[in-house]
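For reference, the structure discussed in these notes is given below.
In mature numbering (1 follows the signal peptide of the UniProt record, and there is no 0), the protein residues as written are -18 to -1, 1 to 615.
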């Protein structure tokens, strides 16, 4: 009966769309428009380029009400843009010359608002409409931002870093041309050890060193990191492009009807992959230690400090650049909205990123919004150290502690969804994308670390099972392999493509059903990733295993953290410099996403060689345990 009901709703849903013909859609005012920005800036002192939103309404005595009815009908569907709200960018002296007699004297934007209203009045009147400007942001030939003391300090620090890296690279590079004994003698000195930490040549050698896949059963993790990093970058590239300023908005409005769109519109659960990997690696690293020594609070504290330093140095560099020089690196109609907003958020809330609390504090104004994951992962790492510490002190509690953590992790999303009455999923539509950070649902269900305890615990359990049974062979029968394939393919795809049904606005569920889905969806995805990793360690996978163990993926997988840090600032810079609405198609989006992936890996490599790997090398030199230092030497 539910299936029949859903089919009827679907027919009704598409019937509503059928009422609006293509000719009716085309009769509405152009939704997005941009004048030539660079031509406007050539006007020098007379340059005045204004971005504005204009709210439409019908004329009181308008003779043509059909267009307004079409606008209302289109706007009433949440899958569509608000066609009663025009988004324009105009060169005032060229498009509205009547109000540009003395643009340098317009210090009061109310005068400009009235002038723009009047400029478009006659054009809208012919359509039976009127409009008034609700938001206005204007740009002149003057720089948007002045260089301040913070910019100068960060510039000096970045320049110093580049000088140190270049000096160290040359110093270590010259030593390479000497005999092996001379090289070892030079590098073994205190000065030599420190400079070697910053040498691009030496760090490149480490980055491109390949390990024997047959000796390391967890080599598949590099492949998973690489492929999922690409997936994350493509998702973050495609989604804003669809809903920013398309020249064919009909494409964006119909995209949620396409099953393939769920791969990036309903893919938030895929981030559980990284939580599972983090939990797995922590578990496999710590449980052997439990067998060798008694509980040590100092050891656990040192683990946290080392991880904090390793993550925070690279993060701090990106936050510093975003809060200072990123805003000076481009210009355009959307620059202040995309790059300027990020700059202001990072100036105000940079400290929350460095304390890894940015996913709880002032979430709507989060600096580098994508770093919610780093905060959540750090919080879950600390949480896991606590529960693993309990296990370390009393090893017989391992099943009870991990089991309790799993139950808690599964229940939390469902309880929060039920109590707050949230929808079954967070739907991304054209108008909601721009306000997603302001949505209470995302701030309480997507970003916080406690909503992903289940995924991280699944990783801990998987790592423990792997550690305890690393020399055993499981699942030797054919049906075991078939079951493995079903779990790793059907489970995550079912979670993602459930959006085909759940994205329909007419599809409603009870609060209890929404709670059950919230509890199970992300944890089912996490479980499938855990089963995937365990199967690969058992030599399952056939061609999939070959793809994940390809040698280049070891190199690319090591870049995943740096790629994650740089990809959003790069995209903000790209979108911020747009000069015209983009024509959208599947091919255009994939081409654009591929470009973002390539750029992210290029800049991620630079960040890795200049910051991340030197940080790791210095940690190994000064903070590593004595046994580790001896092995490295």
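For each residue, glycine too, the CB sits at the ideal point set by N, CA and C. None of the values given here were measured: they were computed from a predicted structure.
Buried or exposed for residue 50, going by 16 or more other Cβ atoms inside 10 Å?
Looking at its Cβ environment, which holds 16 or more other Cβ atoms inside 10 Å, residue 50 is buried.
By DSSP, does residue 136 sit in helix, in strand, or in coil?
Residue 136 falls in the helix class under three-state DSSP.
Assuming residue 633 is part of the alpha helix (DSSP H), what are its boundary residues?
The structure shown does not extend to residue 633, since the chain is modelled only from -18 to 615, so the question has no answer here.
Quick check on residue 507: does DSSP put it in helix, strand or coil?
Residue state, collapsed to three classes: helix.
For residue 601, name the three-state secondary structure that DSSP assigns.
It is helical.
With a cut-off of 8 Å, do at least 3 Cβ pairs link the stretch 148 to 167 to the stretch 481 to 494?
Touching, no, given that fewer than three Cβ pairs across the two stretches are closer than 8 Å.
Taking C-beta to C-beta, are residue 362 and residue 290 nearer than 8 Å?
For residue 362 and residue 290, no; Cβs fall outside 8 Å.
Which class does residue 124 belong to by DSSP, given the choice of helix, strand or coil?
The answer is coil: DSSP assigns residue 124 none of H, G, I, E or B.
So does the stretch 442 to 456 actually touch the stretch 513 to 524, counting three or more Cβ pairs closer than 8 Å?
Yes, they touch.
Let me know if residue 241 comes out buried or exposed under the rule of 16 or more other beta-carbons within 10 Å of its beta-carbon.
Exposed.
Assuming contact is defined by CB atoms lying nearer than 8 Å, are residue 325 and residue 313 in contact in what I supplied?
Against a cut-off of 8 Å, the Cβ pair of residue 313 and residue 325 comes out as no contact.
How far does the beta strand (DSSP E) with residue 659 in it reach, from first residue to last?
Limits of the chain in this structure are -18 at one end and 615 at the other, which puts residue 659 out of reach.
Smallest Cα separation from residue 299: which of 286, 264 and 141?
That would be 141, whose Cα lies nearest to the Cα of residue 299.
Can the beta-carbon of residue 235 be found closer than 8 Å to that of residue 412?
Closer than 8 Å, so yes.
When the Cα atoms are used, what is the spatial distance from residue 557 to residue 527?
Each residue's alpha carbon lies about 37 Å from the other.
Could you spell out the range, first to last residue, of the alpha helix (DSSP H) harbouring residue 474?
Here the alpha helix (DSSP H) through residue 474 covers 460 to 479.
Give the list of continuous alpha helix (DSSP H) stretches no shorter than 4 residues that lie fully inside the stretch 252 to 276.
Entirely contained in the stretch 252 to 276, the alpha helix (DSSP H) runs reaching 4 residues are, in chain order, 254 to 274.
Thinking C-alpha only, which one of 491, 27, 545 and 408 is nearest residue 352?
The candidate whose alpha carbon is nearest that of residue 352 is 545.
Check whether the stretch 102 to 120 touches the stretch 21 to 39, counting contact only when three or more Cβ pairs, one atom from each stretch, lie closer than 8 Å.
They touch, by the three-pair rule.
Quick check on DSSP: helix, strand or coil for residue 349?
Coil.
Does the separation of the CB atoms of residue 150 and residue 201 fall below 8 Å?
No; because the gap between Cβ atoms is not below 8 Å, this pair is not in contact.
Excluding sequence positions up to five away, which residues of its chain have a Cβ less than 6 Å from the Cβ of residue 579?
Cβ within range, chain order: 212 and 215.
Could you pull the start and end residues of the beta strand (DSSP E) that residue 547 belongs to?
It is not in any beta strand (DSSP E) - residue 547 instead sits in the alpha helix (DSSP H) that spans 542 to 558.
Taking the alpha carbon of residue 65 as the point to measure from, which residue in 494, 55, 73 and 71 has its own alpha carbon closest?
It is 55.
What's the C-alpha gap between residue 129 and residue 478?
Between residue 129 and residue 478, the C-alpha separation is close to 45 Å.
Taking the straight line between their C-alpha atoms, what separation do you get for residue 429 and residue 498?
In a straight line, the C-alpha of residue 429 is about 19 Å away from that of residue 498.
With DSSP run on the structure shown, which of helix, strand or coil describes residue 32?
Strand at residue 32.
Counting only the same chain and skipping the five closest in sequence on each side, list residues whose C-beta sits under 6 Å from that of residue 617.
The requested residue 617 does not occur in the structure, where the chain is confined to residues -18 to 615.
If we ignore side chains and look at the alpha-carbon of each, how far apart do residue 102 and residue 348 end up?
Taking the straight line joining both Cα atoms gives about 37 Å.
Which residue or residues does DSSP assign as beta-bridge partners of residue 228?
BP columns for residue 228 point to 564.
In chain order, what residues of the same chain have a beta carbon less than 8 Å from the beta carbon of residue 435, not counting five sequence neighbours either side?
Result list for residue 435: 362, 365, 387, 390, 391 and 394, in chain order.
Could you tell me whether the stretch 573 to 592 touches the stretch 528 to 545, where touching means 3 or more Cβ pairs closer than 8 Å?
Because the criterion of three Cβ pairs below 8 Å is met, the stretch 573 to 592 and the stretch 528 to 545 touch.
Applying the 10 Å Cβ sphere with the 16-neighbour rule, what's the burial state of residue 476?
The residue is exposed, with fewer than 16 neighbouring Cβ atoms inside 10 Å.
Could you name the residues that DSSP lists as bridge partners for residue 385?
Looking at the DSSP assignment, residue 385 forms no beta bridge with any residue, so it has no partner.
Under the three-state reduction of DSSP, which class applies to residue 449: helix, strand or coil?
Looking at residue 449 - three-state DSSP - the assignment turns out to be helix.
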